[in-house]
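All remarks here apply to the structure that follows.
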Amino acid sequence: AQKITQTQPGMFVQEKEAVTLDCTYDTSDPSYGLFWYKQPSSGEMIFLIYQGSYDQQNATEGRYSLNFQKARKSANLVISASQLGDSAMYFCAMREYSGNTPLVFGKGTRLSVIA
Amino acid sequence: NAGVMQNPRHLVRRRGQEARLRCSPMKGHSHVYWYRQLPEEGLKFMVYLQKENIIDESGMPKERFSAEFPKEGPSILRIQQVVRGDSAAYFCASSQPGLAPLEQYFGPGTRLTVT
């Protein structure tokens, strides 16, 4: 069974600093995808970044990068040069590809960026 | 190209009433997923539908909840005889048919409040 663990309920970061949000996962499927979503206070789910289990390189999207360590089953999100607008809930999610399986989400990390 | 549409955005129902939540997927998407988010929690999968078919309803409560995705029109999540515990945000996501990875695009959600 799939499982996602986010161990940090809340994080604080100074504006312009980098921050790492932790995510570990558990699956027996060799083929899977890892996703990060941002949920601001307005409530919508915003897709940030994707990493496939067979991707050789870590995914990057602008200020977001995913530190993928397959052997440790971790997929940490790194946000560089934090901005006040980055304050939000961040969810890690996984999807196995043996069949059309849904996304499984972690409980989330609330990031607060301090000026 | 419009994104995933959900309506209403906010819905208030008294205990015992019915709630109908609508989701129109992105153009060209024929896969729809419904997720529920309780306060301070991550999203939990409820049901996965394709046009006129329920593919996976393993996350749906056994009673009072039903979902459909007709040949024409939006997908509907129906909750009969609502109770206070049904108060949550309900998100719909859609994806294209085809091989993985299949990124899911989320709608803005419907916030259901049961009084």
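Respectively, the protein sequence lines represent chains A and E. Each residue of the first sequence is one higher than the one before, counting from 657 in this note's numbering. Each residue of the second sequence is one higher than the one before, counting from 24 in this note's numbering. Glycine is no exception: its CB is placed at the ideal position from the N, C-alpha and C atoms.
With a threshold of 7 Å between beta carbons, P758/A makes contact with chain E. For L34/E, the uninterrupted beta strand (DSSP E) run begins and ends at 33 to 36, by DSSP.
Within the segment 699 to 728 of chain A, contact with chain E at the beta-carbon level (separation under 9 Å) is assigned to G699, E700, M701, I702, F703, Y706, G708. For T136/E, the enclosing beta strand (DSSP E) begins and ends at 133 to 137.
The DSSP-derived three-state label of G666/A is strand. In terms of CA proximity to W57/E, F114/E leads the group R38/E, R43/E, F114/E. Of H33/E, R59/E, F88/E, I99/E, the smallest CA-CA separation from Q73/E is found for I99/E.
Judged by DSSP in its simplified three-state form, D682/A adopts strand. Using a Cβ-Cβ cut-off of 7 Å, P48/E is close to nothing in chain A; its nearest Cβ partner there is about 15 Å away. One alpha carbon belongs to N732/A, the other to Q40/E, and they sit about 43 Å apart.
Leaving aside the five residues that flank D685/A on each side, the residues in its chain whose CB is nearer than 6 Å to its CB run, in chain order, E752, S754. By a beta-carbon distance limit of 8 Å, Y681/A contacts K659/A. Their separation comes to about 7 Å.
Residues of chain E with a Cβ closer than 9 Å to the Cβ of F747/A are, in chain order, G65, L66.
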